[in-house]
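Position one of the sequence shown corresponds to residue 7 (my numbering), numbered consecutively onward. Glycine included, C-beta positions come from ideal geometry on N, C-alpha and C. These notes are about the structure you will find just below.
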Amino acid sequence: MTYYWLKKHLEQWQEAINADRKPQAVIINGAKGMGKKVLLQQIVADLLCRQSTPACGQCQNCRLHQQGFHPDVDFLHPDKEIIKVKMIRELTTFFISTPHCSDHKLAVIEDAHLMNTAASNALLKILEEPPPRGLLFLLTDRKHKLMPTIRSRCISLDLSLNHEEKAHLADWLLRKGAFTANQIGHALTLADWHPLTAVSLLENEGVNNFFHQLDEIYAALTAQQPITEVAKKMATENNVETWTFLNQYINFIAKSVLHPEKTQNAIEHPLNQLVKKNPKVLHLIMKFTDQIHLVMLNFNTQVKKQLLIESMLVDLKKAV
Ligand SMILES: [Zn+2]
């Protein structure tokens with residue numbers, strides 16, 4: 007397992023299947039960038055392969071799985087942010103047939119928290135009379151949104167990094183590519199220590215793009231650029247991910263004001279000094295975080311988004 011922090015979760019899974027009572031359903035829960043799909047693919051490969059554990063990677067089962075065409079595996083994706091009852095009912099049909107070439111029938115529900123009530127109830131029915139060779143995987147980053155009756159029938163793999171694993175993360179990233187310790191520190195702060203998000207930030211110019219964002223905000227607050235222009239650019243160019251990073255930056259600033267001794271991986275930018283200058287600004291900056299959530303929720307209304315950003319920048323400019 008290349009992703010060292012997933013090893014303990016894989017072991018936890020192996021303990022569960024070696025125990026007398028084989029689980030019927032598994033929740034793989036963890037934030038984006040923690041490696042939910044990587045862990046899932048390893049578990050599925052091990053279940054399908056009839057040669058060895060870990061999976062041999064050579065046999066017919068392994069090859070079909072690698073190509074994404076294994077007939078005993080079914081993937082369910084949300085349709086327009088909803089998993090409907092019809093999709094779950096189709097699973098019942100999938101489970102009725104016997105496995106084609108492996109020992110299991112495996113179904114994966116991605117973003118399982120997006121099941122509506124009817125879909126959840128239909129899933130509960132499946133779990134109440136589990137298919138003998140069937141196994142369900144529910145992937146989610148919001149486990150608490152699943153019905154408690156569903157949660158209680160599943161075993162749960164909650165992906166996380168313990169203190170020691172976090173301490174190794176910077177070294178692991180350093181070995182991965184030509185990144186400086188500074189870039190890695192920034193990526194980890196922005197990614198909130200979610201390893202694969204940090205990798206993607208480093209490999210796709212994400213850190214540089216983020217600093218460009220801060221430059222723009224700084225230019226708006228110091229009257230080097232009109233606020234309307236910056237707001238327009240931010241509303242057009244930013245996606246959910248960039249807003250999340252901005253949110254992380256704000257958390258970082260707030261933390262560095264409240265607990266300077268605990269702040270690691272400092273993100274150095276002239277904007278920091280500007281917002282730290284006046285205690286009132288911290289309060290505003292915290293308000294900014296709530297508004298960022300609003301911006302993220304109202305992602306489809308361009309005009310509303312731009313106005314919201316404009317008003318945040320105007321308030322901030324008055325205070326700094
Ligand atoms: Zn194999």
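Can you tell me where the beta strand (DSSP E) holding Gly140 begins and where it ends? As a first step, residue 140 is located in the sequence shown; it is residue number 134 there, counting from the start. Taken as a continuous stretch (DSSP letters only), the beta strand (DSSP E) holding Gly140 covers Gly140 to Thr146.
Is the separation between the beta-carbon of Val326 and that of Asn257 shorter than 8 Å? Taking the first residue of the sequence shown as 1, we reach residue 326 at position 320. Taking the first residue of the sequence shown as 1, we reach residue 257 at position 251. Cβ atoms of Val326 and Asn257: not closer than 8 Å.
According to the neighbour-count rule (16 or more other Cβ atoms, all chains shown, within 10 Å of its Cβ), is Val213 buried or exposed? Translated into the one-based positions of the sequence shown, residue 213 becomes position 207. The residue in question, Val213, is buried, as its Cβ has 16 or more Cβ neighbours within 10 Å.
Quick one, are the C-beta atoms of Glu290 and Leu322 less than 8 Å apart? To locate residue 290, count along the sequence shown from 1; it is residue 284. To locate residue 322, count along the sequence shown from 1; it is residue 316. Note that residue 290 corresponds to Leu in the displayed sequence, not to Glu. Contact flag set, yes.
Sorry if obvious, but does the Cβ on Cys65 come closer than 7 Å to a heavy atom of ligand 1? Position 59 of the sequence shown, counting from 1, holds the residue named residue 65. Because some heavy atom of ligand 1 lies under 7 Å away, the Cβ of Cys65 counts as near it: yes.
What residues are listed by DSSP as bridge partners for Phe81? Position 75 of the sequence shown, counting from 1, holds the residue named residue 81. Beta-bridge pairing by DSSP links Phe81 to Val114.
Does the distance between the C-beta of Gln57 and the nearest non-hydrogen atom of ligand 1 fall short of 7 Å? Position 51 of the sequence shown holds residue 57. Flag set: Cβ of Gln57 near ligand 1.
Per DSSP, which one or two residues make a beta bridge with Ala197? The count along the sequence shown starts at 1 and reaches residue 197 at position 191. As DSSP reads the structure, Ala197 sits in no beta bridge.
What do you get for Pro201, buried or exposed, if any count of 16 or more other CB atoms within 10 angstroms of its CB means buried? Here residue 201 refers to the residue found at position 195 of the sequence shown. Of the residues assessed, Pro201 falls on the buried side of the cut-off, its CB having 16 or more other CB atoms within 10 angstroms.
Please return the same chain residues whose Cβ sits closer than 6 Å to the Cβ of Ala226, not counting the five positions on each side in sequence. On the sequence shown, residue 226 is found 220 positions in, with the first residue counted as 1. Around Ala226, the same chain offers Ile233, Val236 and Leu319 as residues with beta carbons nearer than 6 Å, after the five sequence neighbours per side are excluded.
DSSP state of Val32, grouped into three classes? Counting from 1 along the sequence shown, the entry for residue 32 is found at position 26. Val32 sits in a strand when the DSSP states are folded into three classes.
Contact test: Cys62 Cβ vs ligand 1 heavy atom, cutoff 7 Å: Against the sequence shown, residue 62 aligns to sequence position 56. Cys62: yes, Cβ under 7 Å from ligand 1.
What I want to know is whether the C-beta of Cys68 ends up closer than 7 Å to one or more non-hydrogen atoms of ligand 1. Your numbering for residue 68 matches position 62 in the sequence shown. At least one heavy atom of ligand 1 is nearer than 7 Å to the Cβ of Cys68, so yes.
Alpha helix (DSSP H) runs wholly inside the stretch 244–306, at least 4 long, in chain order: Runs of the alpha helix (DSSP H) inside the stretch 244–306: 246–264, 276–282 and 285–303.
Measuring only the C-alpha atoms, how far is Thr104 from Asp52? Position 98 of the sequence shown, counted from the first residue, corresponds to residue 104. Position 46 of the sequence shown, counted from the first residue, corresponds to residue 52. If you take the alpha carbons of Thr104 and Asp52, they lie about 19 Å apart.
What are the start and end residues of the alpha helix (DSSP H) that includes Ile23? Against the sequence shown, residue 23 aligns to sequence position 17. In the DSSP annotation of this structure, the continuous segment of the alpha helix (DSSP H) that includes Ile23 starts and ends at Lys13 to Asn24.
Under a Cβ-count criterion, where at least 16 other Cβ atoms within 10 Å of its own Cβ denotes burial, should Leu142 be classed as buried or exposed? Sequence index remark: in the sequence shown, residue 142 carries index 136 (1-based). By the 10 Å Cβ count, Leu142 comes out buried.
Length of the line joining the Cα atoms of Gln254 and Leu300: As a position in the sequence shown, residue 254 is number 248, starting the count at 1. As a position in the sequence shown, residue 300 is number 294, starting the count at 1. One C-alpha to the other measures close to 15 Å.
From the DSSP output, in three-state form, read off Leu163 for me. Here residue 163 refers to the residue found at position 157 of the sequence shown. In the three-state scheme derived from DSSP, where H, G and I count as helix and E and B as strand, Leu163 is classed as strand.
Leu207, buried or exposed, once every other Cβ within 10 Å from all chains shown has been counted against 16: In the sequence shown, counting from the first residue as 1, residue 207 sits at position 201. Flag for Leu207 reads buried.
Please classify Ser317 as buried or exposed, where buried requires at least 16 other C-beta atoms within 10 Å of its C-beta. Residue 317 sits at position 311 when you count from the first residue of the sequence shown. If you draw a 10 Å sphere on the C-beta of Ser317, you find fewer than 16 other C-beta atoms in it, and that means exposed.
Alpha carbon to alpha carbon, how far is Gln47 from Leu280? Looking up residue 47 in the sequence shown gives position 41. Looking up residue 280 in the sequence shown gives position 274. Distance between the alpha carbons of Gln47 and Leu280: 46 Å.
CB contact flag (Glu87, Leu120, <8 Å): The residue you call residue 87 lines up with position 81 of the sequence shown. The residue you call residue 120 lines up with position 114 of the sequence shown. Yes, the Cβ-Cβ distance between Glu87 and Leu120 is below 8 Å.
For the structure I just gave you, are there three or more beta carbon pairs, one from the stretch 29–38 and one from the stretch 142–152, closer than 8 Å? Taking 8 Å as the limit for Cβ pairs, the verdict is that the stretch 142–152 does touch the stretch 29–38.
Segment contact, 8 Å Cβ cut-off, at least three pairs: the stretch 309–316 with the stretch 259–269: Contact fails: fewer than three Cβ-Cβ distances are below 8 Å.
Less than 6 Å between C-beta atoms, sequence neighbours within five positions excluded: which residues of the same chain meet that for Ile115? Locating residue 115 in the sequence shown gives position 109, where the first residue counts as 1. Once the five neighbours on either side are set aside, the close Cβ partners of Ile115 are Leu82 and Leu144.
Let me check one thing: in DSSP terms, what residues is Met121 bridge-paired to? Indexing the sequence shown from 1 puts residue 121 at position 115. DSSP, once it has assigned bridges, lists Ile89 as partnering Met121.
Under a Cβ-count criterion, where at least 16 other Cβ atoms within 10 Å of its own Cβ denotes burial, should Lys131 be classed as buried or exposed? Taking the sequence shown and counting its residues from 1, the one referred to as residue 131 is at position 125. In the assembly as shown, Lys131 is an exposed residue. Its beta-carbon has fewer than 16 other beta-carbons within 10 Å.
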